[in-house]
Structure formats: C-alpha cells, structure tokens
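>
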Amino acid sequence: MHLSAALLASILTLTSAAPLAESQPNPAPTLSKRGCFSGGESWGVYQSNALSAARSACSAGLGNNAVYNGTPNTTLLSTDEQKSFCINIGPNLKADFNIKRIKGSQRVLGNDECFDGLRKEIEGCGNGGRTGYENWEYTVVADDVEVD
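In terms of my numbering, the sequence shown has 120 at position 127, counting the first letter as 1, and numbering is strictly consecutive.
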C-alpha cells in the first residue's frame, strides 16, 4: 500500500506539471502591432481631408498599380525601398505618406490595398502611425509644416 501511495503521488506530480515547450520555433508574425505616434500634430477636424489625401496619394503613384521590385519601365522598389507622398490637408497641416516594401518578389500594389493600409493609420491613430504587414509597411504622419 505504501508503494502504491508513492506511485500515485508521482503520477499526480507528473500530470500536474506545466506542459513541455514545443520543440519547433514559433513562426515570425506577419503583422506587427500598430504603432501610433504619441506626439506631434493630430488630424483633428482634418481627418476626412487626410483620408481624401490618402486616396489621392495612392492614385498619384503610391498605389496606382505600382510594381514594387518590378521589371524595367515600371516603378522599381526592391525590399527595403520606399515611396513617399505629402499633401496639404489644412492650414499649417500636411499629411506625409510612406509605403515601404518589406519583403517578397515582384508584386503589384493596387490603389485599394494602398488606401486601406494608409486609412488604418489615419483612423486608428490620432497623430498618425506605422504598421508593418507581410509585404508592406505603411507610415502616415500629421505634420505642421505645409508642402511648398
């Protein structure tokens, strides 16, 4: 009986132990947490202007079916290269837009995908922000210096 109690105690100890760590590494995340800027200018009453400007920025070349890491006679952006666009959205307030190719082979960035990424930084962050997805990193900044 004494041996059975000891055996039972060791079984209970083993079954209540923390689970063993997995031997396989966790895959790298494809979406990093949105990083909102805590200082600087805010969109304020010009948030809708910032959204319209984002749509214009995508149509003017950030998106517009731009080919990143493409072939001759296209917009060439390899991994870690980026495109920027800035536009006035109110008195003494401009929006700075930046899209960076994070990784991958040739891929077209359409206007809708471009706008969706920029929109999330405008609507999700009062002062703008930066988020990295699998292929792209979107940065939007509210700035108090107008574009000349």
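In this text, a Cβ means the ideal position worked out from N, Cα and C, and glycines have one as well. Predicted, not measured: the structure shown is a model, and the values here were computed from it.
What residue range does the beta strand (DSSP E) around Ile92 cover?
As a first step, residue 92 is located in the sequence shown; it is residue number 99 there, counting from the start. Segment Leu86 to Arg94, the beta strand (DSSP E) holding Ile92.
> Is there contact here, the segment 92 to 112 with the segment 121 to 129, by at least three beta-carbon pairs under 8 Å?
The answer is yes - the segment 121 to 129 touches the segment 92 to 112, with three or more Cβ pairs under 8 Å.
> By the DSSP assignment, the beta strand (DSSP E) with Cys107 in it spans what residues?
Position 114 of the sequence shown, counted from the start, is the residue given in the question as residue 107. It is not in any beta strand (DSSP E) - Cys107 instead sits in the alpha helix (DSSP H) that spans Asn104 to Gly117.
> Could you give the DSSP three-state label for Tyr131: helix, strand or coil?
Translated into the one-based positions of the sequence shown, residue 131 becomes position 138. Looking at Tyr131 - three-state DSSP - the assignment turns out to be strand.
> If you draw a straight line from the alpha carbon of Leu55 to that of Gly33, how long is it in whole angstroms?
One-based indexing of the sequence shown puts residue 55 at position 62. One-based indexing of the sequence shown puts residue 33 at position 40. So the alpha carbons of these two residues sit roughly 24 Å apart.
> Can you tell which of Val134, Glu139, Ala50 and Glu106 has its C-alpha closest to the C-alpha of Ser117?
Reading the sequence shown from its first residue, position 124 is the one you call residue 117. This sequence places Gly at residue 117; Ser is not what is there. Closest by alpha carbon: Val134.
> Going by beta carbon distance, what residues of the same chain come within less than 6 Å of Asn81, once the five residues before and after it are set aside?
The residue labelled residue 81 in the question sits at position 88 within the sequence shown. Contacts found: Lys87, Glu139 and Val140.
> Less than 8 Å between the CB atoms is what I'm expecting for Asn42 and Gly103, so what's the real figure, rounded?
Here residue 42 corresponds to residue number 49 of the sequence shown, with the count starting at 1. Here residue 103 corresponds to residue number 110 of the sequence shown, with the count starting at 1. The pair is not a contact, with the Cβ atoms about 23 Å apart (cut-off 8 Å).
> Using 10 angstroms around the beta-carbon of Phe78, count the other beta-carbons present and answer buried if the total reaches 16, otherwise exposed.
On the sequence shown, residue 78 is found 85 positions in, with the first residue counted as 1. Burial call: buried.
> Opposite Asp73 in the DSSP bridges: which residues?
Taking the first residue of the sequence shown as position 1, residue 73 is located at position 80. The partner list for Asp73 (beta bridge, DSSP) is empty, contrary to what the question assumes.
> Taking the alpha-carbon of Asp136 as reference, which of Lys76, Ser52, Asp89 and Gln75 has the nearest alpha-carbon?
Numbered from its first residue, the sequence shown carries residue 136 at position 143. Out of Lys76, Ser52, Asp89 and Gln75, Asp89 has the C-alpha closest to the C-alpha of Asp136.
> Output yes or no for whether 8 Å exceeds the beta carbon distance between Ala149 and Phe108.
With the chain represented from -6 up to 141, any question about residue 149 goes unanswered, as that position is not in the structure.
> Compare the C-alpha of Val38 against each of Asn120, Thr132 and Thr124 and name the closest.
Indexing the sequence shown from 1 puts residue 38 at position 45. The candidate whose alpha carbon is nearest that of Val38 is Asn120.
> Would you mind sorting Asn91 into buried or exposed? The rule is 16 or more other CB atoms within 10 Å of its CB.
On the sequence shown, position 98 is the one that residue 91 refers to. Asn91 comes out buried.
> How many whole angstroms separate the CB atoms of Arg123 and Leu44, which I take to be in contact at a CB cut-off of 8 Å?
Residue numbering aside, residue 123 sits at position 130 when the sequence shown is read from its first letter. Residue numbering aside, residue 44 sits at position 51 when the sequence shown is read from its first letter. Not confirmed; about 17 Å, so no contact.
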